[in-house]
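Residue numbers (the working numbering), protein chains in the order written: chain Z, 1 to 396; chain R, 397 to 792. Every residue, glycine too, gets a C-beta built ideally from N, C-alpha and C. Keep in mind the model is a prediction, meaning the values are calculated, not measured.
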DNA sequence: GGACTTCTTCCCGGCGCAGGACAAAGTCGT
DNA sequence: ACGACTTTGTCCTGCGCCGGGAAGAAGTCC
């Protein structure tokens, strides 16, 4: 069931495709304004894109004072699959060539079960999306996994929370199953790509994207490109020491950021606070559901629970200390905070901001926005689609 | 006394020039092996380089089994000026086009006197080098300053240790004086470029270069290019918190790495140790010279002074903690330790290594060399020459 | 309805560039 | 010493990229 997607023949065509992807339908004349090419050349390249079926004509554009131009848009039947595998759930979405999400499924899942059952589930979800008429086939798929990846090969390497995946040829296997090109990356990197396409980072070239969920990671974008490091483990900031001689961490050290502030750590703190009677609200929730999550802390804090506010503030301060260091080091133009704990909202953001603005030098923080992610689960799947679209929209 | 240096006309020529710069003289045939160009094209471009005088023919190369090829080398009369302005001294060197140092002067200087007297001194040193017959004029000059720089304009911005320089048009002024292109950068970035050209980083694309001198900074190289951050302050790691609620720092915070371990901090610790009678060796040196520097600590440690060994070990551990965080975050392929404290030698390196290998994750440290800088003062000036040569060897 | 603007197509000539043919210069074996 | 083979450098041809002019198509504005 292989689906042969045409590929751009040269860099000009690739450039045009990405422009159409990022800025939507555009008239030939507008395209001419954006890509430094002569009219004749542009006409030839656009015509070839139309011939190969990657783009289609789409009626007439509004006049700009003279003859009306023809609209060009990416082929409306192109489909990308975005998959975001988390620690405890999986997101699968279908997008069109402009990376608009046409359908999105979320299901609980345990990544520790290993690649084979997880992929069965993912393929089932993809089939479901296909069956609902959203796609006839896929022109590419991007996959995010919660651990480091040897990017060129698309293979997870030594992932701490998904040991069974070490060395599993994710890219190869999925490409076989889906019959289309596949790219694999760390989930945090994909979140960063999502921000680049649809989020706060659209006009920034150097930024950090901190994801605080079950674990903690950081997507690093340098000059508009994701920095993955020499072994694919760049951005693994969960095990930076935040508290000297602090809590023991699964990695064997003490005081790791992740041990003091993450979805897991926060839930544990919440349970302790409830059991010690420091927070009636949490105690009530614990009694009701039998367990607590970061969301419960956020809800209780929003309702005014002082203990929960303290937990959030302390955690934000810890995270802020580490982020302040990264800001001093990297001097980004933007920091985006995302992941499961985003539900803690502005209390968290305020604590992080305070710490960063206090600890980093004025030159680095002077014009540095620190914002919450606004895309939620969309960021990951859009980032995945963006990753593979960059690949498909590059010369063969 | 403007000297008009030819510039490459296209990217091919630029490529060839850089190849000749980095790998020395080469035969036409060898050049053909390294650049993906047809023989005809290559011949045309090389001939043009010869015509413009950027390169010269240099005899016949050894035979590779057939007709002997002609050697090509960069024009032997090209000269770059490398200037490295430190906090308390200045280095000026002349290099040829292959960035070999032909002459090198070092003089004490106080950067706080401001740009005008410092530049007078620099120009005097350059004139001295010229007068000794090393250069007739300069085809470009690179300048390193100990503070952040707005790179495109070549202007220092808000430099803490050189307040008088804020906004001074270094690039413009020196270009006027010297009559040649000038580029300005942070001294740490230039040290990193020096490692790339002549040091440990020749075959690495992503690495960090930590300079521990009067202050502490870090050069960041991503994909073979220096990362300067959005405001030019990337790598400013001296004010990352190393010790919660630690010593007060000039920046207004507490526990900054620089307050606990730098040339200045170490000298102060040494004086205290001497006065408190914890180190007879240091006391003797203090009595003799009236002051102490990091070098004294190194010498005493080498002679077996336990207190000094402790000072070095503690400092290395502090630095190692911060570097461990950077390694987790950035996942470099190499870390080079340089700057004034390199004199502390392997005791320092051992402490840093221990801490990094202990605190960072195995995937990031598995194949990570951490080495001492071997170039010393040469790194800065060669890096400066490399910076401007990259500029001169790019299409106009 | 006429003058002006904008957009598209067609066409020409220059340039970059690859690759083949050929000459020059050397090596190696006999 | 000589011929066969290899490597290197030069010349030439042809293709495709590409910019820009000219002309026509389509609209706007007065």
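Stretch-stretch touch, CB-based, cutoff 8 Å, three pairs: the segment 735 to 755 of chain R with the segment 715 to 724 of chain R: yes
Distance between residue 550(R) and residue 244(Z) (C-alpha atoms, nearest Å): Taking the first chain and counting its residues from 1, the one referred to as residue 244(Z) is at position 244. Taking the second chain and counting its residues from 1, the one referred to as residue 550(R) is at position 154. Whole-angstrom Cα-Cα distance: 40 Å.
Residues of the segment 312 to 328 of chain Z whose Cβ lies closer than 9 Å to any Cβ of chain R, in chain order: 321, 322, 324, 325, 326, 328
Cβ of residue 236(Z) within 9 Å of any chain R Cβ: As a first step, residue 236(Z) is located in the first chain; it is residue number 236 there, counting from the start. Yes, contact with chain R.
Integer Cβ distance of residue 370(Z) from residue 353(Z), believed to fall under 8 Å: What you label residue 370(Z) is simply residue 370 of the first chain in a count that begins at 1. What you label residue 353(Z) is simply residue 353 of the first chain in a count that begins at 1. Contact holds; Cβ gap of about 5 Å.
is_contact[residue 787(R), chain Z] using C-beta, thresh 9 Å: The residue labelled residue 787(R) in the question sits at position 391 within the second chain. No, no contact with chain Z.
Members of the segment 218 to 244 of chain Z near chain R, C-beta cut-off 9 Å: 218, 220, 222, 223, 225, 227, 228, 229, 230, 231, 232, 233, 234, 235, 236, 237, 238, 239, 240, 241, 243, 244
Span separating the alpha-carbon of residue 642(R) from that of residue 654(R): For the purposes of this step, residue 642(R) is taken as the residue at position 246 of the second chain. For the purposes of this step, residue 654(R) is taken as the residue at position 258 of the second chain. Looking at the two C-alpha atoms, the distance is approximately 11 Å.
Counted within 10 angstroms of its Cβ, other Cβ atoms place residue 409(R) as buried (16 or more) or exposed: Locating residue 409(R) in the second chain gives position 13, counting from the first residue. It is buried - the Cβ of residue 409(R) has at least 16 other Cβ atoms within 10 Å.
Reference residue 129(Z); option with closest CA among 51(Z), 205(Z), 83(Z): Reading the first chain from its first residue, position 129 is the one you call residue 129(Z). Of 51(Z), 205(Z), 83(Z), the residue nearest in Cα terms is 83(Z).
Chain R contact for residue 195(Z) (CB, 9 Å cutoff): Here the question's residue 195(Z) lines up with position 195 in the first chain. No, its Cβ sits nowhere closer than 9 Å to a Cβ of chain R.
Whole-angstrom C-beta distance between residue 238(Z) and residue 726(R), which should lie under 8 Å: Residue numbering aside, residue 726(R) sits at position 330 when the second chain is read from its first letter. Residue numbering aside, residue 238(Z) sits at position 238 when the first chain is read from its first letter. Actually they are not in contact, since the Cβ atoms of residue 726(R) and residue 238(Z) sit about 15 Å apart, beyond 8 Å.
Secondary structure, beta strand (DSSP E): runs of 3+ residues fully inside the segment 420 to 488 of chain R: 451 to 456, 466 to 470, 476 to 481
Short CB-CB distance (under 9 Å) between residue 728(R) and chain Z: By 1-based counting over the second chain, the position of residue 728(R) is 332. Chain Z contact via Cβ: present.
Contiguous alpha helix (DSSP H) assignments of at least 4 residues, all confined to the segment 95 to 171 of chain Z: 115 to 129
Residue nearest to residue 166(Z) in terms of C-alpha spacing, selected from 113(Z), 191(Z), 212(Z): For the purposes of this step, residue 166(Z) is taken as the residue at position 166 of the first chain. It is 113(Z).
Touch test, the segment 693 to 712 of chain R against the segment 609 to 625 of chain R, Cβ-Cβ under 8 Å, three pairs minimum: no
The segment 143 to 159 of chain Z touching the segment 183 to 197 of chain Z, judged by at least three CB pairs closer than 8 Å: yes
9 Å Cβ cutoff, residue 360(Z) in contact with chain R: To locate residue 360(Z), count along the first chain from 1; it is residue 360. Yes, its Cβ sits closer than 9 Å to a Cβ of chain R.
8 Å contact criterion, which residue 581(R) and residue 540(R) should meet: CB distance rounded: Here residue 581(R) refers to the residue found at position 185 when the second chain is read from its first residue. Here residue 540(R) refers to the residue found at position 144 when the second chain is read from its first residue. Residue 581(R) to residue 540(R), Cβ: 6 Å. Contact.
CB contact flag (residue 199(Z), residue 23(Z), <9 Å): Counting from one through the first chain, the residue named residue 199(Z) turns up at place 199. Counting from one through the first chain, the residue named residue 23(Z) turns up at place 23. In this structure, residue 23(Z) does not lie closer than 9 Å to residue 199(Z) by Cβ.
CB contact below 9 Å: residue 215(Z) versus chain R: The count along the first chain starts at 1 and reaches residue 215(Z) at position 215. Residue 215(Z) does not count as touching chain R.
For residue 183(Z), the first and last residue of its enclosing beta strand (DSSP E): Residue mapping note: residue 183(Z) aligns to position 183 of the first chain, counting from 1. Where residue 183(Z) is concerned, the enclosing beta strand (DSSP E) stretches over 182 to 186.
Cβ-based contacts, 9 Å cut-off: residues of the segment 745 to 769 of chain R near chain Z: 754, 755, 756, 757, 758, 759, 760, 762, 763, 764
Residue 65(Z) burial status per 10 Å Cβ neighbour count (16 or more: buried): Locating residue 65(Z) in the first chain gives position 65, where the first residue counts as 1. By the 10 Å Cβ count, residue 65(Z) comes out exposed.
Own chain residues within Cβ distance below 6 Å of residue 745(R), not counting five before or after: One-based indexing of the second chain puts residue 745(R) at position 349. For residue 745(R), where only same-chain residues beyond five positions count, the Cβ hits under 6 Å are 768.
CB of residue 362(Z) within 9 Å of CB of residue 646(R), strictly: Here residue 362(Z) corresponds to residue number 362 of the first chain, with the count starting at 1. Here residue 646(R) corresponds to residue number 250 of the second chain, with the count starting at 1. No. Outside cutoff.
Where the alpha helix (DSSP H) through residue 704(R) begins and ends: Here residue 704(R) is taken as the residue at index 308 of the second chain, counted from 1. Taken as a continuous stretch (DSSP letters only), the alpha helix (DSSP H) holding residue 704(R) covers 702 to 726.
contact_flag[the segment 411 to 430 of chain R, the segment 490 to 497 of chain R] where n(CB pairs < 8 Å) is 3 or more: yes
is_contact[residue 804(R), chain Z] using C-beta, thresh 9 Å: The structure shown does not extend to residue 804(R), since chain R spans only 397 to 792, so no value can be given for it.
Spatially closest choice to residue 786(R) from 568(R), 404(R), 711(R), by CA coordinates: Within the second chain, numbered from 1, the residue matching residue 786(R) stands at position 390. Residue 404(R) is the option with its Cα nearest to residue 786(R).
Contact set for residue 637(R): own chain, Cβ-Cβ below 6 Å, skip 5 residues either direction: The count along the second chain starts at 1 and reaches residue 637(R) at position 241. The residues are 651.
First and last residue of the uninterrupted beta strand (DSSP E) at residue 768(R): Within the second chain, residue 768(R) is the residue found at index 372, counting from 1. From DSSP, the beta strand (DSSP E) with residue 768(R) extends over 766 to 768.
The beta strand (DSSP E) enclosing residue 386(R), as first and last residue numbers: A question about residue 386(R) goes unanswered here, because the residues of chain R that appear run from 397 up to 792.
Residue 338(Z) beta carbon less than 9 Å from that of residue 384(Z): The residue you call residue 384(Z) lines up with position 384 of the first chain. The residue you call residue 338(Z) lines up with position 338 of the first chain. No, they are not a contact pair.
Local conformation of residue 734(R) per DSSP, three classes: Here residue 734(R) refers to the residue found at position 338 when the second chain is read from its first residue. Residue 734(R) falls in the strand class under three-state DSSP.
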